[in-house]
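Peer 1: First, the structure itself, so that you have it in front of you.
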Amino acid sequence: MSDGITRRDALGRVVRGTVLLGLGSTAGFLINKAEGQVVWQVDTSRCVNSRLGEAGAEVCMLCTTQCVVAQSAVRAINSFRDCGRCYVCPAYYNIRSAVDERGLPSEKLCPRDAIRRTPIGFVDPEDPANNFYEYVIEEEKCDGCGLCVKACREPLGLGSIVLKVRHNLCVDCNRCAISIACPHDALFQHKVADALEPTLARQPQP
Amino acid sequence: MGSMHYRRLPNVRRDGPDSRFATALRGLAVDRRDRIYAVGDAEVKIFDRDGRLQRRWPTSRPGCSVAVDEYDRVYVGETGQLEIFDATGRLADVWRHASRLGRVTAIDFAGGDVLVGDANDRAIRRYDEHGSFMNDIGKNNRMQGFLIPNGVIEFAVDRAGVIQAANPGKHRIERYTLDDRLLGHIGRFDGVDPAGFPGCCNPTNLAVDVRGRIYVTEKADPRVKVYNDDGTLVAVVASEGFDPNCKNMDIAVDSRGRVYVTDPVRLDILAFETEGAAS
Ligand code: SF4
Ligand code: SF4
Ligand code: SF4
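First to last, the sequence lines map onto chains A and B.
So the number in the working numbering is just where the residue sits in the first sequence, counting from 1, plus 1.
So the number in the working numbering is just where the residue sits in the second sequence, counting from 1, plus 423.
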């Protein structure tokens, strides 16, 4: 091997690449970025749409309106590990809309109809309240408006939906336009290699 | 909705460091003499019917729930165990079972039996008075049991010996017999009509009074309501006064009809009574 790269290093990179692909599309696209490169990300503990203790705050849509990419490089993602798989998901339904003949809210919340709801596991056809539901964000439709993120936040939901910069869409501006606009200083940069860390969040600020 | 109206009373006292909870306030109960029992941190606190601190003692683990039986024994539900104290706070017994008593978020009594809610396994356990396990309730059915994204099992036994159990993911209160027969349910989802249960999962907590009325708390937005046994809404007790981030606000009702509710964010116990009730 030349340039001081050993067989072991190369093997390690292949393994890492496989792991990254397994982590989903964003991680997969990170492989195409140089390991030492920095990328922008949303600190969900700072974003006003997802951080705890913000009951009643207006939804912030700056991630949608400020990103230089059409339809924004920021999208909502749902962490299935943390999702309650609720019958009435406040991120899927407009829970203030009139109840329909099924006993469910008559309107959806997402203005782009970007969330898919599917019963999973054992399905009781007679009483749908008995079922668990999977909520999948169809990212190609989502523009990161944050409505579902705010609705899913504790204590109304479980906070499983958050906004994330999708690295396959982001064009890596030197100074992220959202970071300039964000009133909560929630955009930060991290090294591509750090994307492998399971808990990626900026260190607490003084 | 009925014409009953409630007014807010002063909070159960927290003047002085001993009467305050420092980090957590989870469980609430009243005994037959209307004394108020609260657990949180790793302590039991007992207040008299006027809210003055009477007694306090430590628990070995932080309490999640509390109940008092007819002999004034105090049962504290914790993670992995149930501690039983006599009226003076002396530890009388500990029931340990890592899987059956994973996280005990509710306790009540039926005849001589002790019923405990295990939130980890989404089940109500029935024990005899000596701590011998008898059967599960609400777990082994085709309805997927209790759906509790809010993280607590909550129930109360009414005057007829029926278990009234919150099933918040289904927006219902389900009725079970001691031998695990589902008798039916009341409640429905509605995000606008106060007679319904809003949000993803409500009601979170409940209590019953001697007349069979069911008192519930809801999260996001915090609200306290009373229903008749047939599911008709009697009154909205309160929809303000709580921290908006509250959830799993425990509730208890005394013999005078006073309603006590925890605010687990501000670590307060709020009190309400009907307009015109003699204080
Ligand atoms: S601009 Fe900041 S606060 Fe607003 S949605 Fe984006 S990250 Fe959240
Ligand atoms: S962020 Fe907005 S567009 Fe995207 S799924 Fe949520 S509500 Fe829909
Ligand atoms: S760096 Fe540029 S493309 Fe990426 S999220 Fe920020 S504004 Fe959008």
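The beta carbon of each residue, even a glycine, is placed where N, CA and C say it ideally should be.
#1: For B/Phe612, return the contacting residues in chain A, with the cut-off set at a CB-CB distance below 9 Å.
#2: What does A/Phe81 reach in chain B if we use C-beta pairs closer than 9 Å?
#3: Taking 6 Å as the limit between beta carbons, can you name the residues of its chain near A/Ala187, skipping five residues before and five after?
#4: With a threshold of 9 Å between beta-carbons, can A/Lys192 be considered close to chain B, or not?
#5: With 9 Å as the threshold, decide whether the Cβ of A/Pro156 is near any Cβ in chain B.
#6: So does A/Leu164 have its beta carbon nearer than 8 Å to some heavy atom of ligand 1?
#7: Is it buried or exposed for B/Arg455, if we count other Cβ within 10 angstroms and need 16 for buried?
#8: Is any non-hydrogen atom of ligand 5 found closer than 8 Å to the C-beta of A/Val49, if you look at the structure I gave you?
#9: In chain order, which continuous runs of the alpha helix (DSSP H) of length 4 or greater are located wholly inside the stretch 85 to 171 of chain A?
#10: So is B/Asp464 in contact with chain A if we call contact Cβ pairs under 9 Å?
#11: Taking A/Asn159 as the query, report the chain B residues whose CB atoms sit under 7 Å from its CB, ordered along the chain.
#12: Are there three or more Cβ pairs, one per stretch, closer than 8 Å when the stretch 125 to 133 of chain A is compared with the stretch 629 to 639 of chain B?
#13: Compute the minimum distance between the beta carbon of A/His185 and the heavy atoms of ligand 1, and state whether it is under 8 Å.
#14: Once you ignore the five residues that flank A/Leu24 on each side, which residues in its own chain have a CB closer than 6 Å to its CB?
#15: May I have a chain-ordered list of the beta strand (DSSP E) segments no shorter than 3 residues that lie completely inside the stretch 521 to 594 of chain B?
#16: Could you tell me whether the Cβ atoms of A/Val150 and A/Ala92 are closer together than 9 Å?
#17: Assuming B/Arg429 and B/Phe695 are in contact, meaning their beta carbons sit under 8 Å apart, how far apart are those beta carbons, in whole angstroms?
#18: Is it buried or exposed, B/Arg634, if we count other Cβ atoms within 10 angstroms and call 16 or more buried?
#19: Measure the alpha-carbon distance for B/Arg604 versus A/Leu63 and round it to whole angstroms.
#20: With a threshold of 9 Å between beta carbons, is A/Gly147 in contact with chain B?
#21: Spell out whether any CB of chain B is found under 9 Å from the CB atom of A/Gly37.
#22: Select from the stretch 590 to 614 of chain B all residues with a C-beta closer than 9 Å to any C-beta belonging to chain A, and list them in chain order.
#23: Please name the residue in B/Ala700, B/Asn668, B/Ala661 whose C-alpha comes closest to that of B/Arg679.
#24: Measuring alpha carbon to alpha carbon, tell me which residue in A/Thr65, A/Cys68, A/Gly85 is nearest B/Ile571.
#25: Which class does A/Ser51 belong to by DSSP, given the choice of helix, strand or coil?
#26: Please state the DSSP three-state secondary structure of B/Leu476.
#27: Please find out if some non-hydrogen atom of ligand 1 comes closer than 8 Å to the beta-carbon of A/Cys149.
#28: So which residues of chain B does A/Phe123 contact, with C-beta pairs closer than 9 Å?
#29: Take the Cβ of A/Gly54 as the centre, count every other Cβ of all protein chains shown within 10 Å, and call the residue buried at 16 or more, exposed below.
#30: Just the chain B side, please: which residues come within less than 7 Å of A/Ala56 by C-beta, in chain order?
#31: Give the DSSP bridge partners of B/His612, in chain order.
#32: How would you call B/Gly450, buried or exposed, if buried means at least 16 neighbouring beta carbons within 10 angstroms?
#33: Using beta carbons (cut-off 9 Å, strictly below), is A/Leu53 in contact with chain B?
#34: Can you grab the Cα-Cα spacing for the pair B/Asn573 / A/Pro184, in whole Å?
#35: So, are the CB atoms of A/Ala74 and A/Cys146 less than 9 Å apart?
#36: Is it the case that the CB of A/Cys177 approaches a heavy atom of ligand 1 more closely than 8 Å?
Peer 2: Quick look at the numbers:
#1: Tyr88, Val89, Ile96, Val100, Gly104, Leu105, Pro106, Ala130
#2: What A/Phe81 touches in chain B: nothing, since even the nearest Cβ is about 13 Å away.
#3: Val43, Asp44, Arg47, Cys48
#4: no
#5: yes
#6: yes
#7: exposed
#8: Among the ligands in the structure shown, ligand 5 does not appear; only ligand 1, ligand 2 and ligand 3 can be found there.
#9: 148 to 153
#10: no
#11: According to the sequence as given, residue 159 of chain A is Leu; it is not Asn. In chain order: Pro572.
#12: no
#13: yes
#14: Any reading at A/Leu24 needs caution, since the residue's pLDDT is 45, under 50, leaving its predicted position unreliable; the model's value is listed next. Nothing listed; no residue qualifies.
#15: 527 to 533, 536 to 541, 546 to 550, 556 to 560, 578 to 580, 586 to 590
#16: yes
#17: The sequence shown places Tyr at residue 429 of chain B, rather than the Arg named in the question. Rounded, the Cβ-Cβ distance is 5 Å, consistent with contact.
#18: exposed
#19: 52 Å
#20: no
#21: no
#22: Asn590, Gly592, Lys593, His594, Arg595, Arg611, Phe612, Asp613, Gly614
#23: B/Ala700
#24: A/Gly85
#25: coil
#26: strand
#27: no
#28: Arg565, Gln567
#29: exposed
#30: Pro667, Asn668
#31: Rather than His, the amino acid found at residue 612 of chain B in this sequence is Phe. Per DSSP, B/Phe620.
#32: buried
#33: yes
#34: 31 Å
#35: no
#36: no
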